[in-house]
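Taking it in order: structure first as structure tokens, then the write-up.
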Ligand SMILES: Nc1ncnc2c1ncn2[C@@H]1O[C@H](COP(=O)(O)OP(=O)(O)OP(=O)(O)O)[C@@H](O)[C@H]1O
Ligand SMILES: Nc1ncnc2c1ncn2[C@@H]1O[C@H](COP(=O)(O)OP(=O)(O)OP(=O)(O)O)[C@@H](O)[C@H]1O
Ligand SMILES: [Mg+2]
Ligand SMILES: [Mg+2]
């Protein structure tokens with residue numbers, strides 16, 4: 010299950026519609042401090058079903074909605090679409106959609122069909138993707154290993170194996 | 010009081026006699042990970058009278074003595090000499106010496122004359138050098154500010170002002 | 003569950019020893035139970051000896067050595083539980099350029115099986131990537147992305163500020 | 003002692019506002035007592051708004067923005083209590099190259115009065131230094147140092163690996 014395309018609108022600093030088309034070759038995201046690189050990673054975590062606002066560097070889940078800037082007011086919702094390729098099996102591509110409205114309402118879709126959050130989460134169990142395993146290493150992932158007490162390190166290892 | 014020369018022998022990874030002659034111009038220390046750059050900074054802290062082994066990244070003060078490597082056995086003592094210039098006053102240069110033996114014995118000198126540790130510490134009070142002020146910012150100094158709770162940050166500010 | 007963890011941990015121990023040796027080009031490291039008599043509750047700790055050095059407490063390792071140690075552990079996790087894609091956010095901040103090259107060599111070795119997406123500020127990391135996503139934020143607080151291949155990216159930086167990243 | 007702290011803190015507050023604005027080329031930040039009614043015991047916290055962005059909780063700042071914020075505070079300490087020399091160990095790890103240039107511009111501004119010694123892995127930081135101390139450790143675990151001026155150093159790196167650091 011590899012990354013094919015990512016569409017972001019209203020998620021954190023990505024107020025405007027943004028589309029990334031991924032290569033299977035090793036790729037880099039670069040840019041100035043504070044420009045939004047880690048926010049792209051947060052968008053991927055989020056659409057894969059991340060439930061902990063702390064893992065998204067936010068205090069409340071609603072904080073992921075674009076909260077406004079000098080010349081733009083806050084938005085009413087946040088939407089991320091992730092297209093995953095599954096060439097090795099003969100199933101087609103997988104389009105995951107997550108939307109959050111400022112009143113707290115959430116929507117989830119798999120291939121345009123409305124589903125529940127748990128349906129998205131069960132899609133990724135046992136694939137080594139998402140929370141199962143280390144497919145996303147966040148900024149500070151190194152420090153948490155380096156500064157880990159023996160019980161912290163045990164927890165990190167348990168989550169990873 | 011500016012840095013003129015530093016001599017290190019037996020301190021951490023500097024088993025062999027090493028001399029650095031400083032410029033008053035902005036200078037850089039570069040080199041591979043683990044080569045000894047931060048150890049040079051530790052040597053400067055140490056000769057200025059650092060008493061906390063933790064600030065020297067060591068568990069006991071004796072850990073600063075070269076502890077051996079593949080083809081070299083541990084040494085019996087550690088010595089650092091720091092020559093400071095005082096052009097603005099008409100006093101001459103200041104040579105600070107600190108020695109530690111593996112039996113725990115310590116020696117301190119100012120301009121070749123034996124003194125006590127407190128004599129070295131009082132030399133630097135009110136000069137903005139050493140523990141008073143922020144003349145040495147260690148690797149991780151940024152993180153401790155960034156991760157500081159309000160009471161931690163208060164402590165950091167109290168130490169600095 | 004516990005037996006399963008113990009089994010996986012044993013495999014991890016073997017992978018970790020080998021990965022450390024590769025990334026450090028020598029030396030030795032282990033990941034062990036702190037209290038092996040109580041595997042269910044025991045914490046876990048690492049001992050490491052970079053090549054040419056004495057076995058030291060982790061605290062005596064330098065900033066970059068600790069990073070390389072953590073990277074060895076992360077790569078061991080990836081080998082134990084391969085994932086089709088792997089996103090890494092600024093893991094190279096404390097590394098010297100030679101260690102970045104060792105790290106990227108290792109990535110290239112896995113890159114046939116795994117799709118890597120790296121966030122970085124470091125030139126040596128960018129240079130092994132084929133596709134570059136440049137993120138920017140105009141004064142207006144809104145992020146934008148532009149995709150380039152490596153040559154186009156290097157050329158645009160070359161014109162801006164003499165081969166800067 | 004307490005009155006003295008309060009006085010110095012007030013001066014620090016002014017310096018910090020100005021330093022942040024310079025390093026971020028705009029925006030706004032403050033350092034304040036958490037509980038101003040109890041100055042003796044109060045903790046201290048920072049609020050910051052990089053240019054073009056909404057006032058955010060520090061946690062919403064990026065890794066590099068937090069670094070620049072900490073650097074603004076450290077430079078404020080240095081301005082409040084100038085020291086004849088200042089040694090800085092790898093403060094630039096999370097900075098992009100433009101922020102490194104802003105940081106080094108600020109250093110150059112103080113470098114008449116203060117003798118700076120910087121440990122770094124970053125090219126843009128090395129390039130503003132006149133003298134370079136190259137530390138190395140042969141396989142034998144023993145450190146050695148060689149001193150070069152900037153031109154000699156750049157030349158030696160240029161031959162090794164095409165303008166690497
Ligand atoms: N809900 C939101 N609305 C608008 N802007 C936001 C929101 N959440 C975060 N931001 C902004 O996004 C920026 C952080 O972006 P991000 O963490 O992706 O930066 P980065 O490119 O990874 O930088 P660095 O290189 O320093 O790690 C912050 O300046 C923050 O103000
Ligand atoms: N008492 C000692 N005897 C021998 N070697 C020591 C001693 N104390 C520390 N070392 C060695 O010094 C090395 C660390 O050096 P240092 O922290 O100066 O590295 P560095 O150049 O700052 O690296 P980085 O760029 O990763 O921060 C470690 O490998 C450690 O084994
Ligand atoms: Mg980031
Ligand atoms: Mg160091």
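Protein chains in written order, with our numbering: chain V, 10 to 170; chain R, 10 to 170; chain G, 3 to 167; chain C, 3 to 167. All residues carry an ideal CB built from backbone N, CA and C; glycine is no exception.
Whole angstroms are fine: how far does the CA of residue 27 of chain C sit from the CA of residue 21 of chain G? 44 Å
### residue 101 of chain G - containing alpha helix (DSSP H), residue span
99-112
### Task
Name the one or two DSSP bridge partners that residue 88 of chain C has.
C:118
Quick check: is the beta carbon of residue 64 of chain R nearer than 7 Å to any beta carbon in chain G? no
- Name the chain G residues whose beta carbon is nearer than 9 Å to that of residue 157 of chain C? Under the 9 Å cutoff, chain G gives no residues; its nearest Cβ is about 16 Å from residue 157 of chain C.
Limits of the unbroken alpha helix (DSSP H) element including residue 10 of chain G: 4-25
Residues of the region 47-69 of chain G with a CB closer than 7 Å to any CB of chain V: list them in chain order, please.
47, 68 and 69
request  = Run down chain R in chain order and give the residues with a C-beta less than 8 Å from the C-beta of residue 97 of chain G.
outcome  = 42
Kindly indicate if chain C contains any beta-carbon less than 7 Å away from that of residue 162 of chain R. yes
Exercise for review: Out of R:79, R:119, R:97 and R:72, state which residue places its alpha-carbon closest to the alpha-carbon of residue 104 of chain R.
Suggested key: R:119
Exercise for the section: Could you name the residues of chain R that residue 101 of chain G contacts, counting a contact when the two beta carbons are closer than 8 Å? Expected result: 41 and 42
Which same chain residues, not among the five before or five after residue 136 of chain G, have their C-beta less than 6 Å away from its C-beta? 148
Cα-Cα separation between residue 71 of chain V and residue 15 of chain C, rounded to whole angstroms = 32 Å
Start-to-end residues for the alpha helix (DSSP H) that takes in residue 129 of chain V: 126-133
Check: Could you check where the beta strand (DSSP E) with residue 133 of chain G kicks off and where it finishes?
Finding: 133-139
* To do: Using a cut-off of 8 Å between C-beta atoms, extract the partners of residue 92 of chain G located in chain C.
  => 65 and 96
Q.
Tell me the residue span of the alpha helix (DSSP H) that contains residue 24 of chain V.
A. Residue 24 of chain V -> no alpha helix (DSSP H), and no H or E assigned at all.
Determine, using beta-carbon pairs with one atom in the region 86-98 of chain G and one in the region 72-86 of chain R, whether at least three such pairs fall under 8 Å. no
For a contact defined as C-beta to C-beta under 7 Å, what are the partners of residue 123 of chain V on chain G? Ordered by position in chain G, no residue passes the 7 Å Cβ test against residue 123 of chain V, which lies about 26 Å from the chain.
Item to complete: With 7 Å as the threshold, decide whether the Cβ of residue 46 of chain R is near any Cβ in chain C.
Response: yes
- [ ] Figure out for me which residue from C:130, C:160 and C:120 has the closest Cα to the Cα of residue 39 of chain R.
- [x] C:120
Output yes or no for whether 7 Å exceeds the beta carbon distance between residue 74 of chain V and residue 19 of chain V. yes
**Message:** Since residue 143 of chain G and residue 10 of chain C should fall inside the 8 Å C-beta cutoff, what is the C-beta to C-beta distance between them, to a whole number of angstroms?
**Reply:** With 8 Å as the limit, residue 143 of chain G and residue 10 of chain C do not qualify as a contact, their Cβ atoms being about 35 Å apart.
Q.
Here's the rule I'm using: 16 or more other beta-carbon atoms within 10 Å means buried, otherwise exposed. How should residue 164 of chain G be labelled?
A. Annotation note: pLDDT 43 at residue 164 of chain G (below 50); position unreliable, no value reported.
* In chain R, which residues lie with their C-beta within 9 Å of the C-beta of residue 19 of chain C? -> Chain R residues near residue 19 of chain C: none, gap ~15 Å exceeds 9 Å.
- Item | Option nearest residue 130 of chain V by Cα separation, candidates V:47, V:149, V:160 and V:57 | V:57
Considering only the alpha carbon of each residue, which of V:64, V:12 and V:87 lies closest to residue 25 of chain V? V:87
Quiz item: Mind checking whether residue 41 of chain C and residue 162 of chain R have CB atoms under 7 Å apart?
Solution: no
Hey, would you say the C-beta of residue 141 of chain G is under 6 Å away from at least one heavy atom of ligand 3? no
*Distance, residue 44 of chain G Cα to residue 34 of chain G Cα*: 10 Å
- Figure out for me which residue from G:59, G:81, G:157 and G:72 has the closest Cα to the Cα of residue 129 of chain G. G:157
Between residue 57 of chain G and residue 49 of chain G, how many whole angstroms is the CB-CB distance? I'm expecting something under 8 Å. 7 Å
### Task
Take the Cβ of residue 107 of chain G as the centre, count every other Cβ of all protein chains shown within 10 Å, and call the residue buried at 16 or more, exposed below.
exposed
Is the beta carbon of residue 104 of chain C less than 7 Å from the beta carbon of residue 25 of chain C? yes
(message) In the DSSP assignment, the alpha helix (DSSP H) including residue 144 of chain G goes from what residue to what residue?
(response) Counting along the chain, residue 144 of chain G falls outside any alpha helix (DSSP H), and DSSP gives it neither H nor E.
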